[in-house]
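J.: When we follow the UniProt record's numbering, the leftmost residue of the sequence shown carries the number 1, and every step to the right adds one.
From the three backbone atoms N, C-alpha and C, an ideal C-beta is built for every residue, glycine too.
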Amino acid sequence: MKKFLVICFTAFSFCAYSQQKVVMDSIYNAQDVDIKPEFKDGTINFYKFVGKNFRTPEEDKAQGKVVLDFIVESDGAISDIKVTDGVGYGAGEEAVRVMKLSPPWIPAMKNGKPVRCRFKMPITIQHGD
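(1) Look at the alpha carbon of residue 108 and the alpha carbon of residue 117, and state the distance between them as a whole number of angstroms.
(2) Check residue 55 in the structure and name its three-state DSSP category.
(3) Hey, residue 53 and residue 101: beta-carbon distance below 7 Å or not?
(4) Roughly how many whole angstroms lie between the Cα atoms of residue 115 and residue 75?
(5) So, for residue 121: in the same chain, excluding its five sequence neighbours on each side, which residues have a beta-carbon less than 6 Å away from its beta-carbon?
(6) My output table needs one value for residue 25: the three-state DSSP class, helix, strand or coil.
(7) Do residue 105 and residue 72 have their C-beta atoms within less than 7 Å of each other?
(8) Starting from the Cα of residue 34, find the closest Cα among 80, 66, 41, 112 and give me that residue.
(9) Have a look at residue 36 and residue 126 and give me their C-alpha separation to the nearest angstrom.
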């Protein structure tokens, strides 16, 4: 009987551990976290970073807004970058390229712990005269 109880307890422990791991690997939406992810130097500096690294297409026709959807990992790394809305002329691809250059972000927080979070970021493309 003791062996049976030990086996049951061990099996239960493994099940509980694996369930906890699934929760830690969950991807939260930005509205479901306590603190949203943020570029380490703030939003204004994020846009400066984009402006410095974004190469406009030679046709110079791409103007408007590109919306990127990406995951900020629990360590601040950026992954799964996708364009959800764009203006064409290669602007979306360029925005993805620039996002891949981004330094780590401050991750989202849920219950005091860093978590993976899906985040959307609009980038406005304008050309100076």
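T.: A quick look at the data gives this:
(1) 6 Å
(2) coil
(3) yes
(4) 8 Å
(5) 68
(6) coil
(7) yes
(8) 112
(9) 27 Å
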